[in-house]
């Protein structure tokens, strides 16, 4: 038993939201990256601005350090030039200078009692350095509460030192320890009296390096605030100079609040942010200046830093906003153009999958998907499981199938028939087979019924065809006696016009009866699908001539003008089925003559070359008849349809002619088109594309001489002139004045229809016969000199060449006076006595000797190959037919002509005759003209 397989289900409802979630996560990630990048860019820009400010602040602090270091160095230099007055020499006795150059000065450091303990030995350079530093030398004697300034020359005038300042300096120095430091150097003390309003500082160092005496020498320094402020990093910045006790000794600009973190910064050189709870207020740089432990601090407001770097900050922010906008727009675009359409497609796909599941489940046929590896069902519907469960061989058949697609039919145990069709494919990376299983029991029943019905229809069609063939044979045989007798009667000459009229009426009626038989048989053969083409080489001009000749008598009887025109672009010969083309044109011309009461019927032929080796022939049959109603033109080519039925002057007809034309045209790959107007006439065009023969027929070669063409129809005259000019002659329409020309080489061609007035022509002349001229046409067909056929340009051209060569054509008398002599010995094998009589009379009229026998056995008994030039035999005879006779004669070595004669119009008869060894198969009733042309060709070959 086959269990229901587990079907693959579509994804759950949460799956469609996943792409949108991923898109949003991707967008958030991009935005995070943009924000981080922007933060880094802002950080780098801010750090760059801070670094720029730090460099400026460091430069300012460095200048201040240089300022302090230079003054301290100058002070040590001054202190180093001090000497102790060990001799206790009075000041007034102390020399001002010493040495030979008298450049070194001695400057005592007096006390209040004019004695001095210390003196400075200064060189001019020492004095110049002190003056260059805008400094003045001061000193504070030990045990005196006063600070004094040495009277030395300076570059600018110094502000006086107040007593309170002196006292404060003395008291402060008294509290300082003059003991040298660990490095053995004397300490330096920087002092700025708080009560002093002048921008100046005092720095002191002890004179006694042992630290036992508290005498100090120092420098009074001006302009230190200007030096520090000049190098400030920002216009809004400030600075502060702190002493060793972290008290502000000097400042410029607003000072920040001294907080604990700031106080701790003064302990060492540092750089960083200061102030603010959430956001710093200042950038702070702290640097030590001098040896006294003083600190210089620069403060720059953070707003100045931000304001100075605003361009880069705004640029980074703008780029960030632009990138965020781009991401948001891109996400919106992707959502609108990609994600949402994809979600809609996904939803449509999900709906389609659900619909397919339902369709598969409710399908009236079984559908299944089978894994090729093990034959297991991947998915299927109930119908497939039910049908597959009733047969065991389908699994192996599918697994071992070698083609991509295929099918099998199985008969189940209960007699039902099922059809299994399969196609190999790939599904979810597996090789699978898609199978369709349908119950074809009713179809098989219908096929059996149709097969039986087809067999019955084929038998009925064969019976109908056989019936028509038999009827045709039985009618054609006596009709041959009628038509042949009438032709022989016409050749004997009649005594009166009334007899000739009776004869023409009988001939026309016989022709109508024969055409009706042919049409009925052809339609039956076409509907049975047995109509075949007999491809042969033929001349389109000959076809037109035969068509016009067939209906010339009827047209003349109604007073109609009928003629044919072949364009010069039509080749001499083409390859096709001349019989079928002639049949189509005969039907078209017959209808044109039938439905035209006055005027003319014209048959035209033209050609085109659609491709290499192909010729497109266009035949036009135009008349001036009653025309065809527009409502009837759509049904014109249907069987048994009569366009003029029910009219006042209804013309009888079977309605088969045009239907046969359409079917024959389709059989040859051609087309039929009609243009008609009631009261004006009808034009039907038959177009067919044929092959060109391997070798073209030789054209007529005419001499370059004048040829005049005379006729009643200008179209015919112009057409003949074009043909004659193409072959080398100088052709022109005839005019009356040409009679007076003295040109013996000129030829006059009297076309048909002839001109009303007979030309008075004295030179060479060619007279074109009227179509269907009876005996004259017969003579033209078999005579070597001959006269021109009606509408065959080649025949006319040859007659013109004969006239140009000066060969006189024999004059034509009455039809019964001139007889034709082919001189052939013909054995006629025919079982019908009437046909024997007709054939004997036709052959004797053509100048042949006829030997008559009744069947093939009799012919073989009287056979002598030397006594017969041609064998003319019927195909269907008792005892031995024409096929067996032809094969027997060929076995006996007979190489002469064997002509078959049959009343069956089936192509099979002609093909079987040719296969049996016959040269040609002729159709009954056999016109004497066709017999004469055939025997004339054989006579030429024998000669």
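Numbering (the numbering used here), first residue to last: 21 to 963. Every residue gets a Cβ at the ideal spot worked out from N, C-alpha and C, and that includes glycine. Note that the coordinates shown come from a computational prediction; the quantities given were computed from them, not determined experimentally.
Classify residue i: buried if its beta carbon has 16 or more other beta carbons within 10 angstroms, exposed otherwise.
i: residue 380; result: buried
i: residue 976; result: The displayed coordinates of the chain run from 21 to 963. Any statement about residue 976 would go beyond what the structure contains.
i: residue 265; result: exposed
i: residue 643; result: buried
i: residue 262; result: buried
i: residue 82; result: exposed
i: residue 9; result: For the chain, the structure presents residues 21 to 963; residue 9 sits outside this window and is missing.
i: residue 855; result: buried
i: residue 77; result: buried
i: residue 938; result: buried
i: residue 858; result: buried
i: residue 185; result: buried
i: residue 315; result: buried
i: residue 89; result: exposed
Nearest CA to the CA of residue i: which residue from the options?
i: residue 900; options: 875, 266, 63 and 97; result: 875
i: residue 136; options: 371, 159, 184 and 645; result: 159
i: residue 889; options: 914, 815, 862 and 910; result: 914
i: residue 293; options: 903, 302, 285 and 172; result: 302
i: residue 896; options: 115, 944, 355 and 721; result: 944
i: residue 211; options: 583, 57 and 187; result: 187
i: residue 304; options: 260, 311 and 326; result: 260
i: residue 378; options: 330, 733, 357 and 400; result: 400
i: residue 715; options: 124, 633, 440 and 336; result: 633
i: residue 452; options: 951, 425, 230 and 756; result: 425
i: residue 43; options: 359, 341 and 56; result: 359
i: residue 863; options: 843, 877, 332 and 882; result: 843
I need the straight-line Cα distance from residue i to residue j, nearest angstrom please.
i: residue 763; j: residue 783; result: 8 Å
i: residue 167; j: residue 104; result: 19 Å
i: residue 150; j: residue 98; result: 9 Å
i: residue 861; j: residue 917; result: 20 Å
i: residue 554; j: residue 910; result: 24 Å
i: residue 873; j: residue 676; result: 39 Å
i: residue 130; j: residue 300; result: 55 Å
i: residue 849; j: residue 740; result: 45 Å
i: residue 32; j: residue 375; result: In this predicted model, residue 32 has a pLDDT of only 49, less than 50, meaning its place in the structure is not dependable enough to derive any value.
i: residue 323; j: residue 346; result: 32 Å
i: residue 475; j: residue 482; result: 10 Å
i: residue 162; j: residue 176; result: 29 Å
i: residue 125; j: residue 146; result: 10 Å
i: residue 473; j: residue 682; result: 28 Å
Thinking residue i and residue j are a contact (beta carbons under 8 Å), I'd like their distance in whole angstroms, please.
i: residue 622; j: residue 571; result: About 12 Å separates the two Cβ atoms, so there is no contact after all.
i: residue 702; j: residue 694; result: 7 Å
i: residue 552; j: residue 578; result: Not a contact, Cβ separation roughly 36 Å.
i: residue 194; j: residue 225; result: Wrong, their Cβ atoms sit about 15 Å apart, outside the cutoff.
i: residue 774; j: residue 731; result: 6 Å
i: residue 54; j: residue 344; result: 6 Å
i: residue 127; j: residue 140; result: 4 Å
i: residue 440; j: residue 414; result: 6 Å
Beta carbon of residue i, beta carbon of residue j: below 8 Å?
i: residue 575; j: residue 635; result: no
i: residue 603; j: residue 723; result: no
i: residue 955; j: residue 866; result: yes
i: residue 931; j: residue 887; result: no
i: residue 362; j: residue 388; result: no
i: residue 817; j: residue 743; result: yes
i: residue 321; j: residue 235; result: no
i: residue 613; j: residue 698; result: no
i: residue 556; j: residue 586; result: no
i: residue 460; j: residue 386; result: no
i: residue 244; j: residue 221; result: yes
i: residue 581; j: residue 620; result: yes
i: residue 317; j: residue 325; result: no
i: residue 946; j: residue 905; result: no
i: residue 737; j: residue 766; result: no
i: residue 154; j: residue 216; result: no
i: residue 287; j: residue 248; result: no
i: residue 157; j: residue 311; result: no
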